[in-house]
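Encoded as structure tokens, the structure appears first; notes follow it.
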Amino acid sequence: ELIEAARVDGCSMIRTFWTVAVPAARPAMAILGLFTFMQVWTDFMWPLVSLSSPSKQTLQTALQELQIAGQGQTVDFSLMQAGTTLATIPLLILFVLTGRQLVAGIMQGAVKG
123 ELIEAARVDG CSMIRTFWTV AVPAARPAMA ILGLFTFMQV WTDFMWPLVS LSSPSKQTLQ
183 TALQELQIAG QGQTVDFSLM QAGTTLATIP LLILFVLTGR QLVAGIMQGA VKG
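Our numbering puts the first residue of the sequence shown at 123, with every later residue one more than the last.
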């Protein structure tokens, strides 16, 4: 409907794309970016298999190394909790930044009465 209305108003294809389609797709793109970042940030298996140097470890593989190092001994849970907190901080910040887009995407399909 919006694209047809823009075409009736005389917008070109490019202007319709930039002024109607892109703003309508912005919430979906923000959520897609959030989910992609979450998947890459929390990925464990690929860095575990592909990285051989301990200096290039990701945070998730380093936390696993801390847990393995504590087997048979006392595991330093405070250090593991600190690492887990560090792992979640970027996700929380990104969610706060994209939360408005999430709400806009949900409300976009709502019918006003």
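Note that beta-carbon positions come from the ideal geometry of N, C-alpha and C, so glycine has one too.
None of these values were measured; they are calculated from a predicted model.
Problem set entry | Proximal residues to residue 226 (C-beta, below 7 Å), its chain only, five neighbours per side dropped | Along the sequence shown, read from residue 1 onward, the residue named residue 226 stands at position 104. So the qualifying residues of the chain are 149.
Problem set entry | Contained alpha helix (DSSP H) runs [length at least 4] in the stretch 134-203, N- to C-terminal order | 135-138, 144-163, 167-172, 181-191
Problem set entry | For residue 154 and residue 217, believed in contact at Cβ under 8 Å, the rounded distance | One-based indexing of the sequence shown puts residue 217 at position 95. One-based indexing of the sequence shown puts residue 154 at position 32. That belief does not hold up - the Cβ atoms of residue 217 and residue 154 are roughly 14 Å apart, past 8 Å.
Problem set entry | Nearest neighbour of residue 182, chosen from 201, 196, 205, 174 [CA to CA] | Sequence index remark: in the sequence shown, residue 182 carries index 60 (1-based). Ranking 201, 196, 205, 174 by Cα distance to residue 182 puts 205 first.
Problem set entry | Boundaries of the alpha helix (DSSP H) in which residue 123 is found, first to last residue | By one-based count along the sequence shown, residue 123 stands at place 1. Counting along the chain, residue 123 falls outside any alpha helix (DSSP H), and DSSP gives it neither H nor E.
Exercise. By a C-beta neighbour count over all protein chains shown, 10 Å radius and 16 as the cutoff for buried, is residue 152 buried or exposed?
Worked result: Residue 152 sits at position 30 when you count from the first residue of the sequence shown. So residue 152 ends up on the buried side.
For this session: Decide if residue 138 is buried, meaning its Cβ has at least 16 other Cβ atoms within 10 Å, or exposed.
Result: In the sequence shown, counting from the first residue as 1, residue 138 sits at position 16. Burial call: buried.
For this session: Report yes if the C-beta distance between residue 188 and residue 201 is below 8 Å; otherwise report no.
Result: On the sequence shown, position 66 is the one that residue 188 refers to. On the sequence shown, position 79 is the one that residue 201 refers to. In contact: residue 188 and residue 201 (Cβ atoms closer than 8 Å).
For this session: Taking all protein chains shown into account, decide if residue 301 is buried (16 or more other Cβ within 10 angstroms of its Cβ) or exposed.
Result: Any answer about residue 301 is impossible in this case: the structure gives the chain only from 123 up to 235.
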